[in-house]
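Inspection log for the structure reproduced underneath, given as structure tokens.
Residue numbers (my numbering): 373 to 646.
Structure below.
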């Protein structure tokens, strides 16, 4: 006589649910990479669509500049204050300028900029494209013989890849300025000495690392935002648009952190960049 125990049924149901979730996750990752490679191919196919690209450059870059500057400035101030407080017990508070410079240039400059754009631009891209999908505008483009990836994804992808490194430069200078103002005004650190230490520790390799990270983050934000916008069902409605937009922001933040770890390992441990 066979006996079915509730625990066995729950365990079996959990395994089925886990397999289903894993299958769906892998399927989503595969579709996202497919869209990414399709975008790379379409970039090199004429026409370039300069008008659409210029519009996206303004939306991504100029409209985000003020938020990026404010975020970078106060990040630098926090680094300056915390760096001075942590270094003072060891009598090496003179190294606070090096601490601020290296932290902002190599790590926090591109990271903070990417976080700001993930919440602002990435979510905006998803909301716009998912709304077009729900209202069947993307289907209309396909009917008219227009490639949606070329027309909608490529300009946004290029704009994020170009403007995020540009905004990172502004964020980096704002962060150094914030650290300078914080330590000079609050702790009476010599301003000339601070700037001299920044100059000594601002290397071309460090700036290159920052730009490589920023470009990668920009491509990830655009790819996630576009994929989430395209993947929504036409019957999803307003609720589906909201869910896709929230998911886009969360996934973009996770992707940025994962990319940062991978790039740090490759650039510093494997390639040996300082």
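Where is the CB? At the ideal position from N, CA and C, for every residue including glycine.
For residue 592, the enclosing alpha helix (DSSP H) covers residues 576-603. In the three-state reduction of the DSSP assignment, residue 492 falls in the helix class. Contact fails between the segment 493-513 and the segment 402-420, because fewer than three Cβ pairs, one in each stretch, are under 8 angstroms apart. The shortest C-alpha to C-alpha distance from residue 518 to any of 419, 403 and 506 is the one to 419.
Two segments are said to touch when three or more pairs of C-beta atoms, one from each, lie closer than 8 angstroms; by this definition the segment 532-543 does not touch the segment 624-636. For residue 623, the uninterrupted alpha helix (DSSP H) segment begins and ends at 609-636.
Each residue's CA atom was taken as its position, placing residue 600 and residue 520 some 14 angstroms apart. The C-beta separation of residue 596 from residue 444 comes to about 23 angstroms, leaving the pair out of contact by the 8 angstroms criterion. Within the model, the alpha-carbon separation for residue 478 versus residue 452 is close to 16 angstroms. Take residue 631, set aside five residues on each side of it, and the residues of its chain with a beta-carbon closer than 8 angstroms to its own are 585, 588, 589 and 592, in chain order. For residue 549, the enclosing alpha helix (DSSP H) stretches over residues 526-559. Taking residue 552 as reference, the option from 448, 627 and 598 with the minimal CA-CA separation is 448. Residue 490 and residue 594 have their alpha carbons spaced roughly 9 angstroms apart.
Its Cα nearest to that of residue 502, the residue 604 stands out among 629, 554, 436 and 604. Close CB contacts of residue 465 within its chain, under the 7 angstroms cut and outside five residues either way in sequence, are with 456 and 459 (chain order). Judged by pairs of C-beta atoms under 8 angstroms, the segment 469-488 touches the segment 612-630, as three or more such pairs exist. DSSP places residue 427 in the uninterrupted alpha helix (DSSP H) bounded by 422-432.
Closest option to residue 575, judged by alpha-carbon separation, among 617, 415, 560 and 474: 474. Scanning its chain for C-beta atoms nearer than 7 angstroms, with the 5 sequence neighbours on each side dropped, one finds no residue around residue 397. For the set 558, 639 and 533, the Cα lying nearest the Cα of residue 581 is the one of 639. Taking a contact to require three or more Cβ pairs closer than 8 angstroms, the segment 564-579 and the segment 389-396 do not qualify as touching. Collapsing the DSSP output to three states places residue 516 in coil. For residue 639, there is no enclosing alpha helix (DSSP H), since its DSSP letter is neither H nor E. For residue 481, same chain residues with a beta-carbon under 7 angstroms away, outside a window of 5 residues either side, are 444, 540, 543, 544, 547 and 582 in chain order.
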